[in-house]
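Enquirer: Reading the sequence shown from the start, the letters are residues 43 to 285 in the working numbering.
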Amino acid sequence: MEELIAWFNKIPICTKFLFTNCVLISLLINIFPFVLAFLYKSSTLSFWSPQSILLEVLTIVLNTHMSLFLLPFNLDGAFQLYFLCQCSRDVETTKFSGRTADYIVFLLFEVLTILILGWLGWYTRGLVLLNQSLIMAIICTWSLYNRQDYVNFLFGIRFKGVYLPFVLLMFDMLVISGIPWGLLIGIITGYLYYYLKELGFLNTPRLLYRYFPRTSIRYVNQDQRVDFSYWGYWSIYRYGLIY
Numbered sequence: 043m044e045e046l047i048a049w050f051n052k053i054p055i056c057t058k059f060l061f062t063n064c065v066l067i068s069l070l071i072n073i074f075p076f077v078l079a080f081l082y083k084s085s086t087l088s089f090w091s092p093q094s095i096l097l098e099v100l101t102i103v104l105n106t107h108m109s110l111f112l113l114p115f116n117l118d119g120a121f122q123l124y125f126l127c128q129c130s131r132d133v134e135t136t137k138f139s140g141r142t143a144d145y146i147v148f149l150l151f152e153v154l155t156i157l158i159l160g161w162l163g164w165y166t167r168g169l170v171l172l173n174q175s176l177i178m179a180i181i182c183t184w185s186l187y188n189r190q191d192y193v194n195f196l197f198g199i200r201f202k203g204v205y206l207p208f209v210l211l212m213f214d215m216l217v218i219s220g221i222p223w224g225l226l227i228g229i230i231t232g233y234l235y236y237y238l239k240e241l242g243f244l245n246t247p248r249l250l251y252r253y254f255p256r257t258s259i260r261y262v263n264q265d266q267r268v269d270f271s272y273w274g275y276w277s278i279y280r281y282g283l284i285y
């Protein structure tokens, strides 16, 4: 138990937030599935009273929160949790090391742009797609800041990190014989953040620096890099090709 607590305490703060939300929300919904039924029923209420408007707003917020962090209780959910937390940890402890406020802005930007594209009707296939979009956005950001790093993929294939999002996208396209819209939107939002940041259009509010000031902390324990060879097995599994 002490080893588990020590491992949890070593997780950077933003990645710890993502991990904790995924675990708690997934446990809550799988243990108490009637919560989903309540949210669905609440979303059908009319807007004619202040109480129903407040409940509708609360339902939208909760549905959005769950769409980002709700994972299935199976191997698919385990793979999603692995890639989300490992990729986030890698980005937070390298590019955003000692810059928690900047990483918070990055996550907020990605969530908002993913939700906006979802509301515009780019994809409507369920809650888990938002989670997959966030995973891909983090992977895309990692690849852009680690262009020359070589990554391992399925069957021992190696290539530079800058090509990683497109390799993952094309692999999923081959598996499903279609377009994985969730992953594509994650790539779009990842590139959008990168270029807006590089051009100086995205700045972290000073208020955030009051609560999360820059520090000289540098994470040196990088012995657990993300193994992207697992992505191929995950894609094959989640699209029903392995039973």
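Glycine residues also receive a C-beta, built at the ideal position from the N, C-alpha and C atoms. Every value quoted in this text rests on a predicted model; they were computed, and no experiment measured them.
1. Considering only C-alpha positions, which residue in the set VAL193, PHE213 and ASP214 is nearest to LEU204?
2. Could you round the C-beta distance between LEU110 and GLY119 to whole angstroms and report it? I think they count as a contact, below 8 Å.
3. Just reading off the alpha helix (DSSP H) that TYR192 is part of, what are its end residues?
4. If we count the other Cβ atoms within 10 Å of its Cβ and call it buried at 16 or more, is TYR275 buried or exposed?
5. What whole-angstrom Cβ distance do ILE199 and LEU211 have, given they're in contact under 8 Å?
6. Any idea if PRO207 is buried or exposed, counting beta-carbon neighbours within 10 angstroms, 16 or more meaning buried?
7. Out of THR155, ARG248 and CYS127, state which residue places its alpha-carbon closest to the alpha-carbon of LEU226.
8. In the DSSP output, what is LYS202 paired with across the bridge?
9. When you compare the CB positions of LEU60 and LEU186, do they come within less than 9 Å of one another, or not?
10. Check whether the region 252-259 and the region 135-148 are in contact - that is, three or more C-beta pairs closer than 8 Å.
Expert: According to the data block:
1. Reading the sequence as shown, one finds Val at residue 204 and not Leu. VAL204 has its Cα closest to that of VAL193, out of VAL193, PHE213 and ASP214.
2. Actually they do not touch by this definition, with Cβ atoms about 14 Å apart.
3. Where TYR192 is concerned, there is no enclosing alpha helix (DSSP H), although the beta strand (DSSP E) it sits in stretches over 192-194.
4. Taking every protein chain shown into account, the CB of TYR275 has fewer than 16 other CB atoms within 10 angstroms, so this residue is exposed.
5. Their Cβ separation, rounded to whole angstroms, is 15 Å, which puts ILE199 and LEU211 out of contact at 8 Å.
6. buried
7. THR155
8. TYR192
9. no
10. yes
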